[in-house]
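Engineer: Have a look at this one before I ask anything.
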Amino acid sequence: AKVQNRLDSYFKKA
Amino acid sequence: MLEGRLTHASTLKKIVEAVKDVISEANFDCNDSGITLQCMDSGHVALVLLQLNSDGFEDYRCDRNITLGINFAALTKVLKCAANDDSLTLKADDSGDRLNFVFESQKGDRVSEFDMKLMTIDAELLSIPDNDYDVTIKMSSAEFSRICKDLANFGETMNISADKESVRFGVEGDVSAASVVLRPNETIDEDEKIVSTSIMVKKETNVNLSMKFLKTFANSSLAGSVTLELQDDIPCLIKYVFPNDLGVLCFYLAPKGD
Numbered sequence: 348a349k350v351q352n353r354l355d356s357y358f359k360k361a
Numbered sequence: 002m003l004e005g006r007l008t009h010a011s012t013l014k015k016i017v018e019a020v021k022d023v024i025s026e027a028n029f030d031c032n033d034s035g036i037t038l039q040c041m042d043s044g045h046v047a048l049v050l051l052q053l054n055s056d057g058f059e060d061y062r063c064d065r066n067i068t069l070g071i072n073f074a075a076l077t078k079v080l081k082c083a084a085n086d087d088s089l090t091l092k093a094d095d096s097g098d099r100l101n102f103v104f105e106s107q108k109g110d111r112v113s114e115f116d117m118k119l120m121t122i123d124a125e126l127l128s129i130p131d132n133d134y135d136v137t138i139k140m141s142s143a144e145f146s147r148i149c150k151d152l153a154n155f156g157e158t159m160n161i162s163a164d165k166e167s168v169r170f171g172v173e174g175d176v177s178a179a180s181v182v183l184r185p186n187e188t189i190d191e192d193e194k195i196v197s198t199s200i201m202v203k204k205e206t207n208v209n210l211s212m213k214f215l216k217t218f219a220n221s222s223l224a225g226s227v228t229l230e231l232q233d234d235i236p237c238l239i240k241y242v243f244p245n246d247l248g249v250l251c252f253y254l255a256p257k258g259d
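Chains A and B supply the protein sequences, listed in that same order. Just so we're aligned, residue 348 is where the first sequence starts under our numbering, counting upward by one. Just so we're aligned, residue 2 is where the second sequence starts under our numbering, counting upward by one.
Take a look at the structure:
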């Protein structure tokens, strides 16, 4: 099954 | 103080309807250029970015930056009371603890007013890089909605792959598989508007995305067309542009990996 990634790994905190 | 008047309350109604299943509360950041909202779902899988330009309002004034912390369940209740062709005037003073809504019928013979308590929301903002995606697909929002609805019955993961000739939406379930392939075209819809599918590909791309979120983000009432921006291993962007320069509603969705 595919694993759902989180946005935190792509976008940094502003 | 903030004061903004939208010709159609339905505009805000549709926006809230489209995001309320993803976010339960969020800050509306208001300044003289307009209103911005950025919020992730609780699982940090999807992000909603709304930008409403002051120019798209019939009247707009905001003399000081103000943050309105809004509960979407409460907002939905208020907006339900607006008829689709009512105008909407939003008002908040600098304290940012209440938001006032006035709905007025087109003929001006019915005015209703609602006051909503605001909340303090400790929101975490992300900086979203301005990415030049490998694939840009522009298509009818009704078509995108139909594809998501049809394919959602077959599995939890949508695979979208695009090359220069076509884009393929596919899903593989436990017992069956389904796919829809779109090629660039131009058709006339029932309102006699041109609805085209355009596919711009710099590099062939193949992404896996959550069907549940895609189905939520496929919304034909927001705008006639939708733009999908894709790239391998990068969150996809689903974008609706509102008419009359009012702004955009963007959904970012993190990909699924192996």
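All C-beta atoms in this analysis are idealised placements derived from N, C-alpha and C, irrespective of residue type, glycine included. Source: prediction; values computed, not measured.
(1) Would you list, in chain order, the members of the segment 36-62 of chain B that have their beta-carbon closer than 8 angstroms to a beta-carbon of chain A?
(2) Going by CA-CA distance only, name the one from Ala84/B, Leu48/B, Ile36/B that's closest to aspartate 64/B.
(3) Chain D partners of glutamate 125/B, CB-CB under 9 angstroms?
(4) What separation, rounded to the nearest whole angstrom, lies between the Cα atoms of asparagine 28/B and valine 249/B?
(5) Answer with yes or no whether the minimum CB distance from isoleucine 129/B to chain A is below 7 angstroms.
(6) Contact criterion: CB-CB distance below 7 angstroms. Does asparagine 209/B meet it with respect to chain A?
(7) Evaluate contact between the segment 351-359 of chain A and the segment 118-137 of chain B, counting only Cβ atoms and requiring at least three cross-stretch pairs below 8 angstroms.
(8) Where DSSP assigns a beta bridge to isoleucine 189/B, which residues make up the other side?
(9) Might you give, ordered along the chain, the residues of its own chain that have their beta carbon closer than 6 angstroms to the beta carbon of aspartate 135/B, omitting 5 neighbours on each side?
(10) Taking the DSSP output, what are the residues bridged to lysine 118/B?
(11) According to the neighbour-count rule (16 or more other Cβ atoms, all chains shown, within 10 Å of its Cβ), is methionine 159/B buried or exposed?
(12) With H, G and I counted as helix, E and B as strand and the rest as coil, what does DSSP make of threonine 158/B?
(13) Nearest chain A C-beta to lysine 216/B closer than 7 angstroms, yes or no?
(14) Between the segment 162-176 of chain B and the segment 103-117 of chain B, do at least 3 Cβ pairs fall closer than 8 angstroms?
(15) Rounded to whole angstroms, what is the Cα-Cα separation between alanine 263/B and threonine 12/B?
(16) Could you confirm whether any beta carbon from chain A is found closer than 7 angstroms to the beta carbon of glycine 258/B?
(17) Sort out for me which residues DSSP pairs phenylalanine 73/B with in a bridge.
(18) Do you know how far the Cα of phenylalanine 252/B is from the Cα of leucine 48/B?
(19) Below 8 angstroms on C-beta distance, what does alanine 255/B contact in chain A?
(20) Applying the criterion that 16 or more other CB atoms from any shown protein chain within 10 Å of the CB defines a buried residue, is alanine 19/B buried or exposed?
(21) Hey, quick one: how far does the alpha helix (DSSP H) through valine 181/B stretch, first residue to last?
(22) Check each candidate in Phe115/B, Ser221/B, Val182/B and name the one with the smallest Cα separation from serine 146/B.
(23) With 7 angstroms as the limit, tell me which residues of the segment 233-245 of chain B have their beta carbon closer than that to any beta carbon of chain A; keep them in chain order.
(24) For a minimum of 3 consecutive residues, which ranges assigned as the beta strand (DSSP E) are wholly contained in the segment 195-248 of chain B?
(25) Within 7 angstroms (strictly less), CB to CB, does threonine 158/B reach chain A?
(26) Rounded to whole angstroms, how far is the Cβ of lysine 92/B from the Cβ of serine 226/B, which I believe are closer than 8 angstroms?
(27) Got a sec, what are the start and stop residues for the beta strand (DSSP E) arginine 111/B sits in?
(28) Going by the CB atoms, is the gap between asparagine 186/B and proline 256/B shorter than 7 angstroms?
Structural biologist: Walking through what the data contain:
(1) Using a CB distance below 8 angstroms, the part of the segment 36-62 of chain B facing chain A consists of Met41, Gly44, His45, Val46, Ala47, Leu48, ordered along the chain.
(2) Numbered from its first residue, the second sequence carries residue 64/B at position 63. That would be Ile36/B, whose Cα lies nearest to the Cα of aspartate 64/B.
(3) In the displayed structure, chain D is absent; the protein chains listed are A and B.
(4) Locating residue 28/B in the second sequence gives position 27, counting from the first residue. Locating residue 249/B in the second sequence gives position 248, counting from the first residue. A straight-line Cα-Cα distance of about 17 angstroms links asparagine 28/B and valine 249/B.
(5) Mapped onto the second sequence, residue 129/B falls at position 128. Taking CB atoms only, isoleucine 129/B has a neighbour in chain A less than 7 angstroms away.
(6) The residue given as residue 209/B occupies position 208 in the second sequence. Chain A, which has a Cβ nearer than 7 angstroms to the Cβ of asparagine 209/B, makes this yes.
(7) Result yes; three or more Cβ-Cβ pairs closer than 8 angstroms.
(8) For the purposes of this step, residue 189/B is taken as residue 188 along the second sequence, with counting starting at 1. Its beta-bridge partners are Ile195/B.
(9) To locate residue 135/B, count along the second sequence from 1; it is residue 134. Same-chain partners within the cutoff: Lys203, Lys204, Thr206, Gln232.
(10) Locating residue 118/B in the second sequence gives position 117, counting from the first residue. For lysine 118/B, DSSP records a beta bridge to Arg99/B.
(11) Numbered from its first residue, the second sequence carries residue 159/B at position 158. Per the 10 Å Cβ criterion, buried.
(12) By one-based count along the second sequence, residue 158/B stands at place 157. Reduced to three states, the DSSP call for threonine 158/B is strand.
(13) Counted from its first residue, the second sequence places residue 216/B at position 215. Taking a beta-carbon distance threshold of 7 angstroms, lysine 216/B does not count as an interface residue toward chain A.
(14) In this structure the segment 162-176 of chain B does not lie against the segment 103-117 of chain B, because fewer than three pairs of beta carbons, one per stretch, are closer than 8 angstroms.
(15) Absent from the structure is residue 263/B, since the part of chain B shown begins at 2 and ends at 259.
(16) As a working mapping, residue 258/B is identified with position 257 in the second sequence. Yes - at least one Cβ of chain A is within 7 angstroms of the one on glycine 258/B.
(17) Within the second sequence, residue 73/B is the residue found at index 72, counting from 1. DSSP lists no partner for phenylalanine 73/B.
(18) Residue 48/B sits at position 47 when you count from the first residue of the second sequence. Residue 252/B sits at position 251 when you count from the first residue of the second sequence. Their Cα atoms are separated by approximately 6 angstroms.
(19) Working through the second sequence from its first residue, we reach residue 255/B at position 254. Gln351, Asn352, Arg353, Leu354, Ser356, Tyr357, listed in chain order.
(20) Against the second sequence, residue 19/B aligns to sequence position 18. So alanine 19/B counts as buried.
(21) Looking up residue 181/B in the second sequence gives position 180. Valine 181/B -> not in any alpha helix (DSSP H); beta strand (DSSP E) instead, spanning 178-183.
(22) Along the second sequence, one-based indexing puts residue 146/B at 145. Checking every option, the nearest Cα to that of serine 146/B belongs to Ser221/B.
(23) Only those residues of the segment 233-245 of chain B whose C-beta falls short of 7 angstroms from the nearest C-beta of chain A are listed: Ile235, Pro236.
(24) Listed in chain order, they are 195-202, 206-211, 226-231, 237-243.
(25) Taking the first residue of the second sequence as position 1, residue 158/B is located at position 157. Yes, because at least one Cβ of chain A sits closer than 7 angstroms to the Cβ of threonine 158/B.
(26) Residue mapping note: residue 92/B aligns to position 91 of the second sequence, counting from 1. Residue mapping note: residue 226/B aligns to position 225 of the second sequence, counting from 1. Not really, about 33 angstroms apart at Cβ, beyond 8 angstroms.
(27) In the second sequence, residue 111/B corresponds to position 110, counting from 1. For arginine 111/B, no beta strand (DSSP E) encloses it, and the DSSP letter there is neither H nor E.
(28) Taking the first residue of the second sequence as position 1, residue 256/B is located at position 255. Taking the first residue of the second sequence as position 1, residue 186/B is located at position 185. Contact: no.
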